[in-house]
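**Q** Going by numbering that gives the first Met the number 0, 271 is the number at position 272 of the sequence shown; the sequence numbering is gapless. Just so it is clear, CB atoms sit at the ideal spot from N, CA and C, and this is done for glycine as well. Remember, it's a predicted structure, so these values are computed and weren't measured experimentally.
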Amino acid sequence: MLEHDVLVIGAGLAGMRAAIAARSGGADTAIISKVHPVRSHSNAAQGGINAALTDRGDEWEEHAYDTVKGSDFLGDQDAIEVMCKSAGQALIDMEHMGVTFNRDDEGRLGTRAFGGQRRARTFFVGDFTGQALLHVMFEQLVKSGIRSYEEWFVTSIIEEDGQVCGVTALEIRTGQVHVIRAKALIFCTGGVGRAFEPSTNALIVTGDGQALAYNSGARLMDMEMVQYHPTTLAGSGVLISEAARGEGAYLLDKNGERFMEAYAPNMMELASRDVVSRSEQTEILNGNGVDGCVYLDCRHLGADLIMEKLSQIREIGIDLAGVDMIRDPIPIRPGMHYMMGGIKTDVDGLTNVPGIYAAGECACVSVHGGNRLGANSLLDTIVFGQRAGDHAAAATRSKEFVNLSEDGVRKKEENRIQQMLDRPNNNDRVGSIRLGMGESLNRNLAVYRNQSGMEETIYDLRQLKERYAHVPVDNKGSVFNTDLVFALELGFMLDCAETITSSALERKDSRGAQARTDYPDRDDENWMKHIVVNKGEEGPELSYLPVSITQWTPEERKY
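In structure tokens, the structure reads:
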């Protein structure tokens, strides 16, 4: 039987950082991922990582306040304090591991401005910071000797006598189902972006961890808070990094005028993401866009700066839209980008289910609240990935493995998967259900929402779940059966989509990413609280938790 003290599920930045920390803490640690680690979605974090360094005249309290304000005061301030206090050391640790951050003319680490922050505290590697961090972290993973199960897909959590004791996993290369026993599981599986269509997220971002934990009794929180990034490329939905606006790019309407002055006169294009996305969408709805888009203008930045600091997004514009940002504005629009909500954890990654931890985008420590500041996501993965790994290693030292019937568990999961493969052809398709889900979410849970639209999506999801119970898997083989993987992922996404929509329908105010046309104001008296989701017999069951407030009293948010 395969067994490890700590099994980390997901091999992006949060997962690798958690695994390295757990291994350093003396735990027998392994990492399991449905893709090779350097193909994880952390690659997509382009712009940078935030940290307040005191030698720059910046203090963690300033970073924390900007984060609290950016969250529309829904972020838990005690958790935000932990993240921002840890940021400087996390940044230096990454540099010491080998990340070659950009430097200024004096040879010091260079910074750029990012939205919602009063200081330029975003450290970066061109416009591919996530990729740079990911490759360096993978080197450290290899150096540590941690066992890596690559292209293995976790299909279920094993519980015996009410205790979490491991997972079943499909080895994609062979189709074989394996049982892996573990004392602790750390979910670092990323968001659920591909439940929406289009999305900036990679096709692998399908809410696996959230759904697995949710179905095992873990609570989800803030699921209604779905971030629409202001600058995604027309047509494809591919991300155009906030780094462009950080370097000084403008947003223009159809007349070539900068419209952000009407919405955020002080910070303009560098207001928080939810504010900028709503501003763009309002302009588009008012007829001031072009073909459902506005323009991102970088021409005034000059070819030298673009080639040095924004080369990747220039290539994206040329390859996918036929537009060279050196010479022409790029057509962009708000697009689904990030989940602020996820598996409810404390600052050490613990959930309400003993033995299950979470970190990164799949988790909700609630450092992002209603809206995440750009470049806080990489920081979140590293800080809380490390904390979860540290805690799990310590917790498993005195813990024994739970006895389980390996053959029985494996056979049960093999039978479940075989039943999916044996479904007869009924002319339905996984892709059709997935597209219907994505378009319904994008239509009714995007930048603006209302009750009738969200009720429509609730209805759509019920119909789609009924179809999913009978949808055939065309490929009946065992070797690299991606049809089967897509079908399993779809089940996870439908579960997550139901929690997102139920939570959004429940929250009857507008804050952060939740902008309701039927409840347009922020209502602190009734809705300064988190929505928590448990899985019930009839579907999502909702409850509430208070927002942790330490030193920053909620106030009207202006940029």
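1) Could you tell me the distance, in whole angstroms, from the CA atom of Gly206 to the CA atom of Leu493?
2) Across the region 242 to 249 and the region 544 to 554, are there enough close Cβ pairs to call them in contact, namely three or more that are closer than 8 Å?
3) Nearest CA to the CA of Gly384: which residue from Met0, Met15 and Val5?
4) Within its chain, find whatever has a CB closer than 6 Å to the CB of Leu544; leave out the 5 residues flanking it on each side and keep chain order.
5) If we call anything under 8 Å between Cβ atoms a contact, is Pro333 one with Ser271?
6) Do you know whose CA, among Gly535, Glu170, Asn425 and Phe491, lies nearest Gly192's CA?
7) List, from N- to C-terminal side, the alpha helix (DSSP H) runs of 4 residues or more that fit wholly inside the region 108 to 143.
8) When the Cα atoms are used, what is the spatial distance from Ala181 to Ile30?
9) Out of Gly511, Arg510 and Thr456, state which residue places its alpha-carbon closest to the alpha-carbon of Ala194.
10) State the DSSP-derived secondary structure class of Trp151, mapped to helix, strand or coil.
11) List the DSSP bridge partners of Ala362.
12) Pop quiz: Ala50 and Leu90 are said to be a contact at Cβ under 8 Å. What is the actual Cβ separation, rounded to whole angstroms?
13) Rounded to whole angstroms, what's the CA-CA distance from Met82 to Met339? Just pull it up for me.
14) What does Ala168 pair with, by DSSP beta-bridge criteria?
15) If we call anything under 8 Å between Cβ atoms a contact, is Val37 one with Phe137?
16) Smallest Cα separation from Ala168: which of Asp327, Leu211, His40 and Glu282?
17) What would DSSP say about His469, mapped onto helix, strand or coil?
18) Closer than 8 Å by C-beta to Asp508: which residues in its own chain qualify, once you throw out the five before and the five after it? Chain order, please.
19) Please say whether Gly354 and Arg386 have beta carbons closer to each other than 8 Å?
20) On the DSSP letters alone, give me the boundaries of the alpha helix (DSSP H) that Ala18 sits inside.
21) Would you call the region 47 to 65 and the region 109 to 123 in contact, with 3 or more CB pairs under 8 Å?
22) Select from Gly69, Asn101, Ser198 and Ser155 the residue whose C-alpha is nearest the C-alpha of Val408.
23) Just confirm the distance between the C-beta atoms of Asn254 and Tyr558, as a whole number of angstroms; I'd bet it's less than 8 Å.
24) Name the two residues that bound the continuous beta strand (DSSP E) containing Arg51.
25) Per DSSP, Asp296 forms a beta bridge with which residues?
26) With distances taken between CB atoms, is the gap from Asp345 to Val366 smaller than 8 Å?
27) Pick out whichever of Val7, Ala21, Glu246 and Glu488 has its Cα sitting closest to the Cα of Asp296.
28) Rounded to the nearest angstrom, how far is the Cβ of Ile171 from that of Val484, given a contact under 8 Å?
29) Might you give, ordered along the chain, the residues of its own chain that have their beta carbon closer than 6 Å to the beta carbon of Asp27, omitting 5 neighbours on each side?
30) Please return the same chain residues whose Cβ sits closer than 6 Å to the Cβ of Val135, not counting the five positions on each side in sequence.
31) Suppose you measure from the CA of Asn200 to the CA of Ala44; what does that come to, to the nearest Å?
32) Is there a Cβ from chain B that is less than 8 Å from the Cβ of Met136?
33) For Glu343, which residues of its own chain have a beta-carbon under 6 Å away from its beta-carbon, when the five flanking residues on both sides are left out?
34) By DSSP, does Lys33 sit in helix, in strand, or in coil?
35) Of the residues Met259, Arg22 and Met453, which one's Cα is nearest the Cα of Lys142?
36) Should Asn559 be labelled buried (16 or more other beta-carbon atoms within 10 Å of its own) or exposed?
**A** In this structure, then:
1) Locating residue 206 in the sequence shown gives position 207, where the first residue counts as 1. Locating residue 493 in the sequence shown gives position 494, where the first residue counts as 1. Their backbone Cα atoms lie some 9 Å apart in a straight line.
2) Taking a cut-off of 8 Å on C-beta distances, the region 242 to 249 does not touch the region 544 to 554, as fewer than three cross pairs fall below it.
3) Position 385 of the sequence shown, counting from 1, holds the residue named residue 384. It is Met15.
4) What you label residue 544 is simply residue 545 of the sequence shown in a count that begins at 1. These residues qualify, in order along the chain: His529 and Val531.
5) On the sequence shown, residue 333 is found 334 positions in, with the first residue counted as 1. On the sequence shown, residue 271 is found 272 positions in, with the first residue counted as 1. Not a contact, by the Cβ cut-off of 8 Å.
6) Along the sequence shown, one-based indexing puts residue 192 at 193. Comparing Cα positions, the closest option is Phe491.
7) 128 to 143
8) Locating residue 181 in the sequence shown gives position 182, where the first residue counts as 1. Locating residue 30 in the sequence shown gives position 31, where the first residue counts as 1. Going from the Cα of Ala181 to the Cα of Ile30 covers about 11 Å.
9) Your numbering for residue 194 matches position 195 in the sequence shown. Closest option to Ala194, Cα to Cα, is Thr456.
10) Translated into positions along the sequence shown, residue 151 becomes position 152. In the structure shown, Trp151 sits in a strand (DSSP, three-state: E or B).
11) Along the sequence shown, read from residue 1 onward, the residue named residue 362 stands at position 363. DSSP lists Ile342 as partners of Ala362.
12) Counted from its first residue, the sequence shown places residue 50 at position 51. Counted from its first residue, the sequence shown places residue 90 at position 91. Sure, about 4 Å apart at Cβ, within 8 Å.
13) Counting from 1 along the sequence shown, the entry for residue 82 is found at position 83. Counting from 1 along the sequence shown, the entry for residue 339 is found at position 340. Rounded to the nearest angstrom, the two C-alpha atoms are 15 Å apart.
14) Translated into the one-based positions of the sequence shown, residue 168 becomes position 169. Val153 and His177.
15) For the purposes of this step, residue 37 is taken as residue 38 along the sequence shown, with counting starting at 1. For the purposes of this step, residue 137 is taken as residue 138 along the sequence shown, with counting starting at 1. A contact, by the Cβ cut-off of 8 Å.
16) In the sequence shown, residue 168 corresponds to position 169, counting from 1. Considering only alpha carbons, the answer is Leu211.
17) Numbered from 1 along the sequence shown, position 470 holds the residue referred to as residue 469. His469: coil per DSSP, three-state reduction.
18) Here the question's residue 508 lines up with position 509 in the sequence shown. Answer for Asp508: Arg515, Tyr518, Asp520, Arg521, Asp522, Asn525 and Trp526, listed in chain order.
19) Here residue 386 refers to the residue found at position 387 of the sequence shown. Here residue 354 refers to the residue found at position 355 of the sequence shown. Taking 8 Å as the Cβ cut-off, Arg386 and Gly354 do not qualify as a contacting pair.
20) Indexing the sequence shown from 1 puts residue 18 at position 19. Per DSSP, the unbroken alpha helix (DSSP H) holding Ala18 starts and ends at Leu12 to Ser23.
21) yes
22) Taking the sequence shown and counting its residues from 1, one reaches residue 408 at position 409. Comparing Cα positions, the closest option is Ser155.
23) Here residue 254 refers to the residue found at position 255 when the sequence shown is read from its first residue. Here residue 558 refers to the residue found at position 559 when the sequence shown is read from its first residue. Their Cβ separation, rounded to whole angstroms, is 23 Å, which puts Asn254 and Tyr558 out of contact at 8 Å.
24) One-based indexing of the sequence shown puts residue 51 at position 52. The sequence shown places Ala at residue 51, rather than the Arg named in the question. Boundaries cannot be given for Ala51, as no beta strand (DSSP E) includes it and DSSP labels it neither H nor E.
25) The count along the sequence shown starts at 1 and reaches residue 296 at position 297. Answer by DSSP bridge pairing, in chain order: Tyr249.
26) Along the sequence shown, read from residue 1 onward, the residue named residue 345 stands at position 346. Along the sequence shown, read from residue 1 onward, the residue named residue 366 stands at position 367. No, these two residues do not count as a Cβ contact at 8 Å.
27) Numbered from its first residue, the sequence shown carries residue 296 at position 297. Nearest of Val7, Ala21, Glu246 and Glu488 to Asp296, Cα basis: Glu246.
28) On the sequence shown, residue 171 is found 172 positions in, with the first residue counted as 1. On the sequence shown, residue 484 is found 485 positions in, with the first residue counted as 1. 6 Å between Cβ atoms; contact.
29) Looking up residue 27 in the sequence shown gives position 28. Counting only Cβ-Cβ distances below 6 Å, and skipping sequence neighbours, we find His3 and Asp4.
30) Start at 1 with the first residue of the sequence shown, and residue 135 comes out as number 136. Counting only Cβ-Cβ distances below 6 Å, and skipping sequence neighbours, we find Met96, Gly97 and Val98.
31) Here residue 200 corresponds to residue number 201 of the sequence shown, with the count starting at 1. Here residue 44 corresponds to residue number 45 of the sequence shown, with the count starting at 1. Computed Cα separation, rounded: 10 Å.
32) Within the model displayed, chain B is absent; a lone protein chain is all it includes.
33) As a working mapping, residue 343 is identified with position 344 in the sequence shown. With the sequence shown as reference, residue 343 is identified as Lys, and Glu is not the correct amino acid for it. These residues qualify, in order along the chain: Arg218, Met220 and Cys363.
34) Position 34 of the sequence shown, counted from the start, is the residue given in the question as residue 33. Three-state DSSP puts Lys33 in coil, outside helix and strand.
35) Along the sequence shown, read from residue 1 onward, the residue named residue 142 stands at position 143. Of Met259, Arg22 and Met453, the residue nearest in Cα terms is Arg22.
36) No statement about residue 559 is possible, as the shown extent of the chain runs from 0 to 558 and does not include it.
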